[in-house]
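Novice: Provided herewith is a single structure, encoded as structure tokens, for subsequent inquiry.
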Amino acid sequence: MSQELLERLRKASVRVFGNRYRAELMWALASADDRGVCLGDLAAAHHAPASVYQAPMRALVEAGLAERLPRTPGERRRWYRRSDNEALWQCLGDLLSCLAEETVPMRVG
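Shown next, in the form of structure tokens:
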């Protein structure tokens, strides 16, 4: 994801989800394979501190949209996976794509 696209998604995320990083995290979950998402890896890839993803991830877990995976022995990283509701995640992925591309009209201000 380009930095420009990422910044558009972050701005839309504040307006739609009330958190600058929630849409970005949801996009990562929607796009992830069965292994899921590691917040540290996501942070490194997007040049952000991992801590910015912790509160949005907790909210997604509490809402049942994501789950915290058990640690593999010897693995220090923590992984999360989206819920099994594929239809929901397809819709969310489409919404997030539209938000990033600014194809959804939004009033600013």
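Numbering (the working numbering), first residue to last: 3 to 111. Ideal Cβ positions, reconstructed from N, Cα and C, are used throughout, including at glycine.
For residue 34, name the three-state secondary structure that DSSP assigns.
Specialist: If DSSP states are grouped into helix, strand and coil, residue 34 belongs with coil.
Novice: Need the endpoints of the beta strand (DSSP E) that residue 12 sits in, please.
Specialist: Taken as a continuous stretch (DSSP letters only), residue 12 belongs to no beta strand (DSSP E), being part of the alpha helix (DSSP H) at 5-19.
Novice: For a quick check, are the C-beta atoms of residue 67 and residue 81 less than 7 Å apart?
Specialist: No, these two residues do not count as a Cβ contact at 7 Å.
Novice: Is the number of C-beta pairs between the stretch 55-62 and the stretch 39-47 that are closer than 8 Å three or more?
Specialist: The stretch 55-62, when compared against the stretch 39-47, does touch it at the 8 Å Cβ threshold.
Novice: Residue 69 bridges to which residues according to DSSP?
Specialist: In the DSSP output, where bridge partners are listed per residue, residue 69 has 83.
Novice: Would you kindly report the start and end of the unbroken alpha helix (DSSP H) that includes residue 77?
Specialist: Looking at the DSSP string, residue 77 is not in any alpha helix (DSSP H), and its letter there is neither H nor E.
Novice: Can you grab the Cα-Cα spacing for the pair residue 112 / residue 15, in whole Å?
Specialist: The requested residue 112 is not part of the displayed model; the chain covers only 3 to 111.
Novice: Under 7 Å Cβ to Cβ from residue 94, same chain only, skipping five residues before and after it: list those, please.
Specialist: Around residue 94: 28, 32.
Novice: Please return the same chain residues whose Cβ sits closer than 8 Å to the Cβ of residue 38, not counting the five positions on each side in sequence.
Specialist: Result list for residue 38: 31, 71, 81, 82, 83, 84, in chain order.
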